[in-house]
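This report refers to the structure that appears directly beneath it.
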Amino acid sequence: MMMRNRLFTASLTVALLATSAFSQAKDFGTLKFATEAAYPPFNQTTPSGKIVGYEPDMVAELAKRAGFKYEIIAQKWSGMIPGLIDGKYDAVIDAVTVTPKRAEAIDFTHQYTVSVSSFVTAKKARWPRCQAAARL
43 MMMRNRLFTA SLTVALLATS AFSQAKDFGT LKFATEAAYP PFNQTTPSGK IVGYEPDMVA
103 ELAKRAGFKY EIIAQKWSGM IPGLIDGKYD AVIDAVTVTP KRAEAIDFTH QYTVSVSSFV
163 TAKKARWPRC QAAARL
């Protein structure tokens, strides 16, 4: 839990420092943030329809500290970047990987999380320690 709080605080600090516009955010009216709302624990939709998770929590804390109002909108991944470019919302709060092509069209903040993915097997699997996958 302590590590999670430190990660959240560090992420929030990076996000606040990365965007000087937040210092004037209360002049923007209500800022709209898009998320997929289907990628727990980062973002997800509860059975009651509320969007919750790590990224919505970061936006709530940013809004509290910078003094702006916000709305979080659920958006399918395929429409996330096109919707941002078209002005449907002001920012995307979803784990968006920086690529050269995306960087030509949109701006990125500093990285706020590190995610490592891997294959897993049962301890007694026929494929011991995933050695074959490690060589891919």
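In this note's numbering, the protein residues as written are 43 to 178. Using N, Cα and C, we set each Cβ at its ideal position, and we do this for glycine too.
Name the residue from the options whose alpha carbon lies nearest to the alpha carbon of residue i.
{"i": "D149", "options": "R168, I123 and K165", "result": "I123"}
{"i": "K111", "options": "S160, P83 and D69", "result": "D69"}
{"i": "T151", "options": "A137, S159 and W119", "result": "A137"}
Could you check how far apart the C-beta atoms of residue i and residue j are, in whole angstroms? I think they sit under 8 Å.
{"i": "T72", "j": "P98", "result": "With a Cβ gap of about 15 Å, T72 and P98 do not count as contacting."}
Does the distance from the CB of residue i to the CB of residue j come in under 7 Å?
{"i": "V101", "j": "I135", "result": "yes"}
{"i": "I115", "j": "K74", "result": "yes"}
{"i": "T88", "j": "A79", "result": "no"}
{"i": "Q117", "j": "G109", "result": "no"}
Taking buried to mean at least 16 other C-beta atoms within 10 Å of its own C-beta, is residue i buried or exposed?
{"i": "G95", "result": "buried"}
{"i": "K106", "result": "exposed"}
{"i": "A164", "result": "exposed"}
{"i": "L59", "result": "Caution applies to L59, whose pLDDT of 49 falls short of 50 and renders its modelled position unreliable; the model cannot decide the point."}
{"i": "A145", "result": "exposed"}
{"i": "A133", "result": "buried"}
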